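**Student:** Throughout, this note's numbering is defined as the position within the sequence shown, counted from one, plus 197.
Before anything else, here's the structure in question.
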Amino acid sequence: HRPRATGVARREVFGGAAGLAAAGALAACNTGSESRYRPSGTIGRQRIARVFDDPVLEAGRLLKEAAEIEHDLMVQYLYAAFSLKPSFAELVGYGAPEPTSVLGVAIQEMQHLRAVNSLLSELGYAPVLSRHDFPEEVSIYPFQFRLEPMSRESLAKYVYCEAPVDALVAHNLQDELFIRKLSAAIGDDPRPNHVGSLYDAVIDVVAEVGSSSDLLANPDQWLADLNAIKGEGERDHYLFFRGLFESTNPLLSGPDAQIDVWSLGKTHAHYPALDLLSDPTAYPGNPRSIEDPSARSLAWLGNLTYWLTLAVLDLGYRDRRLDTRPVVQGLMLGPLQSIARALPAHGVGLPFDPLSMSGHLCPSRSCGLRAARRIGQEALSLARAEAAALPADFPIEAIEQALAEIETWRV
């Protein structure tokens, strides 16, 4: 059992007590003249408090946090992507890992999750495919997980979360006005720290592991990979989400007549996102359960596909001889994407419900194989039973192929 961070440390891991600059300081800035500008706005960032003296223990703690956060970001970005109206298909993207579409950014977060779990494995830790345990420490850990349609408010959170340390410090009037706009959009909600601050700590401790032990075959390569992940978020993802937040991305408002699309009413034809239910669930008996039985059944099939994907990822992280990427890509770009595109017509998105048995299904490879096969068989049975109600582009053969490939891994 890996020791967990204390409450104080968990707050510092992703807390950012300084948060956004005080609204009063921002309101007091001089907006009349650039030449008379005196900087006052800033957004703070904290160094992460160290919990363990042993660098391997500290690396395990921080990488667990990183894996859960990357998973959280991935599913939030996926929900936001499929909340966009069909006319914004280019902005949604088509599944290529790229920082120019919402789906592309989500896929890159999945690549970050894979890298973090590969590093955990090389250090001797189990993979982490759970999401953050917010219900346990919601008053301590201030990053509020929320599956919601894209909006100015959600984009403000993504901008702030991905921002580099110097991007949200006001050096001029334009910076000051941007920070004020961002602060107003986030409002009084709990505020996340920057993802980069976590990776700063991870990079430092992995360098220490590399210099003090032989656990890592190529620590320099890991440091390069971690710096690349950090840069991808702080540069590409930050600029992408800032362009959406400020309505300057031409895929959002058009190259010829840029307008602030988020100032339009949600019922306006040019408002980008559908008005979907936030934080839906396909579990029965929950206040936020999807009411329409057919939509809930489709969402449940989406959950099964999502859990099968996680089970396959877990197998790949535990046994690096397995090439699980074709199966994962087939499930995500096939049945999972088909359901995610179909559900908004019912007023909801894919719920990505956490598996009630937790993200750690099995302690061993053999148990993991059995679990993946059973989840896949349940998904296939439901898909066949509901075949007439499935989207026209639903590829049931992707689940069949996943099950066939899992069978080959048993030997």
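Heads up, the beta-carbon is just placed ideally off N, CA and C, and yes, glycines get one too.
Model, not experiment: these values are computed from the prediction.
Determine whether the beta carbon atoms of residue 441 and residue 352 lie at a separation below 8 Å.
**Tutor:** The residue labelled residue 441 in the question sits at position 244 within the sequence shown. The residue labelled residue 352 in the question sits at position 155 within the sequence shown. Yes; because the gap between Cβ atoms is below 8 Å, this pair is in contact.
**Student:** Among 587, 279, 518 and 302, whose alpha-carbon lies nearest the alpha-carbon of residue 436?
**Tutor:** As a working mapping, residue 436 is identified with position 239 in the sequence shown. Checking every option, the nearest Cα to that of residue 436 belongs to 302.
**Student:** Among 496, 472 and 359, which one has its Cα closest to the Cα of residue 479?
**Tutor:** What you label residue 479 is simply residue 282 of the sequence shown in a count that begins at 1. Considering only alpha carbons, the answer is 496.
**Student:** Could you tell me the distance, in whole angstroms, from the CA atom of residue 324 to the CA atom of residue 574?
**Tutor:** Counted from its first residue, the sequence shown places residue 324 at position 127. Counted from its first residue, the sequence shown places residue 574 at position 377. C-alpha separation (whole angstroms): 24 Å.
**Student:** When you compare each of 607, 354 and 256 to residue 567 by their alpha carbons, which one comes out closest?
**Tutor:** On the sequence shown, position 370 is the one that residue 567 refers to. The candidate whose alpha carbon is nearest that of residue 567 is 607.
**Student:** Start and end of the alpha helix (DSSP H) containing residue 595?
**Tutor:** One-based indexing of the sequence shown puts residue 595 at position 398. Where residue 595 is concerned, the enclosing alpha helix (DSSP H) stretches over 593-605.
**Student:** Once the 5 residues before and after residue 507 are set aside, which same chain residues still bring their CB inside 6 Å of it?
**Tutor:** As a first step, residue 507 must be located in the sequence shown, where it is residue number 310. Hits under 6 Å: 326.
**Student:** According to the neighbour-count rule (16 or more other Cβ atoms, all chains shown, within 10 Å of its Cβ), is residue 534 buried or exposed?
**Tutor:** Here residue 534 refers to the residue found at position 337 of the sequence shown. Residue 534 comes out buried.
**Student:** Return helix, strand or coil for residue 366, following the three-state DSSP convention.
**Tutor:** Locating residue 366 in the sequence shown gives position 169, where the first residue counts as 1. In the structure shown, residue 366 sits in a strand (DSSP, three-state: E or B).
**Student:** Tell me whether the beta-carbon of residue 463 lies closer than 8 Å to the beta-carbon of residue 457.
**Tutor:** Counting from one through the sequence shown, the residue named residue 463 turns up at place 266. Counting from one through the sequence shown, the residue named residue 457 turns up at place 260. No, the Cβ-Cβ distance between residue 463 and residue 457 is not below 8 Å.
**Student:** Measure the alpha-carbon distance for residue 536 versus residue 582 and round it to whole angstroms.
**Tutor:** Within the sequence shown, numbered from 1, the residue matching residue 536 stands at position 339. Within the sequence shown, numbered from 1, the residue matching residue 582 stands at position 385. Taking the straight line from one Cα to the other gives about 16 Å.
**Student:** Just to confirm before moving on: does the CB-CB distance between residue 362 and residue 393 stay below 8 Å?
**Tutor:** For the purposes of this step, residue 362 is taken as residue 165 along the sequence shown, with counting starting at 1. For the purposes of this step, residue 393 is taken as residue 196 along the sequence shown, with counting starting at 1. Yes; because the gap between Cβ atoms is below 8 Å, this pair is in contact.
**Student:** What would DSSP say about residue 410, mapped onto helix, strand or coil?
**Tutor:** Looking up residue 410 in the sequence shown gives position 213. Reduced to three states, the DSSP call for residue 410 is coil.
**Student:** Under 8 Å between C-beta atoms, does residue 329 make it to chain D?
**Tutor:** The question asks about chain D, but that chain is absent: this structure has only one protein chain.
**Student:** Within a Cβ cutoff of 7 Å, which residues of the same chain sit near residue 434, ignoring the five residues on either side of it in sequence?
**Tutor:** Here the question's residue 434 lines up with position 237 in the sequence shown. Excluding sequence neighbours, residue 434 sits near 296, 302 and 359.
**Student:** Residue 356 and residue 256 - do their beta-carbons sit closer together than 8 Å?
**Tutor:** Within the sequence shown, residue 256 is the residue found at index 59, counting from 1. Within the sequence shown, residue 356 is the residue found at index 159, counting from 1. Contact flag unset, no.
**Student:** Between the stretch 594-606 and the stretch 515-528, do at least 3 Cβ pairs fall closer than 8 Å?
**Tutor:** Yes: at least three Cβ pairs fall under 8 Å.
**Student:** Roughly how many angstroms lie between the CA atoms of residue 594 and residue 312, to the nearest whole one?
**Tutor:** Mapped onto the sequence shown, residue 594 falls at position 397. Mapped onto the sequence shown, residue 312 falls at position 115. Cα-Cα distance, rounded: 29 Å.
**Student:** With the cut-off set at 8 Å, would you say residue 348 and residue 459 are in Cβ contact?
**Tutor:** Mapped onto the sequence shown, residue 348 falls at position 151. Mapped onto the sequence shown, residue 459 falls at position 262. Yes, the Cβ-Cβ distance between residue 348 and residue 459 is below 8 Å.
**Student:** Return yes when the Cβ of residue 345 is within less than 8 Å of the Cβ of residue 486, no when it is not.
**Tutor:** Within the sequence shown, the letter at position 289 stands for residue 486. Within the sequence shown, the letter at position 148 stands for residue 345. Cβ distance not < 8 Å, so residue 486 and residue 345 don't count as in contact.
**Student:** Might you give, ordered along the chain, the residues of its own chain that have their beta carbon closer than 8 Å to the beta carbon of residue 586, omitting 5 neighbours on each side?
**Tutor:** In the sequence shown, the residue the question calls residue 586 occupies position 389. So the list reads 491, 494 and 495, once near-sequence residues are dropped.
**Student:** Comparing alpha-carbon positions, which option in 343, 560, 505 and 316 lies nearest residue 526?
**Tutor:** The residue given as residue 526 occupies position 329 in the sequence shown. The candidate whose alpha carbon is nearest that of residue 526 is 505.
**Student:** Using the rule of at least 16 other Cβ atoms within 10 Å of the residue's Cβ for burial, across every protein chain shown, is residue 258 buried or exposed?
**Tutor:** What you label residue 258 is simply residue 61 of the sequence shown in a count that begins at 1. Buried.
**Student:** Give every residue of the same chain whose Cβ lies closer than 7 Å to the Cβ of residue 265, excluding the five residues on either side of it in the sequence, and list them in chain order.
**Tutor:** For the purposes of this step, residue 265 is taken as the residue at position 68 of the sequence shown. Excluding positions up to five away in sequence, the list reads 325, 327, 328 and 329.
**Student:** Where in the stretch 240-267 do unbroken runs of the alpha helix (DSSP H), each at least 4 residues long, occur, reported from the N-terminal end onward?
**Tutor:** As far as the stretch 240-267 is concerned, it has no whole alpha helix (DSSP H) run of at least 4 residues.
**Student:** State the beta-bridge partners of residue 486 as determined by DSSP.
**Tutor:** The sequence position of residue 486 within the sequence shown is 289, counting from 1. For residue 486, which the question treats as bridged, DSSP gives the partners 478.
**Student:** What separation, rounded to the nearest whole angstrom, lies between the Cα atoms of residue 309 and residue 430?
**Tutor:** Start at 1 with the first residue of the sequence shown, and residue 309 comes out as number 112. Start at 1 with the first residue of the sequence shown, and residue 430 comes out as number 233. The straight-line gap from Cα to Cα measures roughly 10 Å.
**Student:** In terms of residues, what are the limits of the alpha helix (DSSP H) holding residue 432?
**Tutor:** As a first step, residue 432 is located in the sequence shown; it is residue number 235 there, counting from the start. Here residue 432 belongs to no alpha helix (DSSP H), and DSSP marks it neither H nor E.
**Student:** One question on the structure: do residue 657 and residue 318 come within less than 8 Å of each other, judged by their Cβ atoms?
**Tutor:** Only positions 198 to 608 of the chain appear in the structure, and residue 657 is not among them; the question remains open.
**Student:** Counting beta carbon pairs with one atom in the stretch 248-255 and one in the stretch 395-410, are three or more of them shorter than 8 Å?
**Tutor:** Enough Cβ pairs lie closer than 8 Å, so yes.
**Student:** If I measure Cβ to Cβ from residue 372 and keep anything under 6 Å in the same chain, skipping five residues before and after, which residues do I get?
**Tutor:** Mapped onto the sequence shown, residue 372 falls at position 175. Within the same chain, residue 372 has no close Cβ partners at all.
**Student:** Please classify residue 445 as buried or exposed, where buried requires at least 16 neighbouring CB atoms within 10 angstroms.
**Tutor:** To locate residue 445, count along the sequence shown from 1; it is residue 248. With fewer than 16 Cβ atoms within 10 Å of its Cβ, residue 445 is classed as exposed.
**Student:** Note down, in chain order, each residue of its chain lying with its Cβ closer than 6 Å to the Cβ of residue 483, except the 5 sequence neighbours on either side.
**Tutor:** Position 286 of the sequence shown, counted from the start, is the residue given in the question as residue 483. Cβ neighbours of residue 483 beyond the five flanking positions: none.
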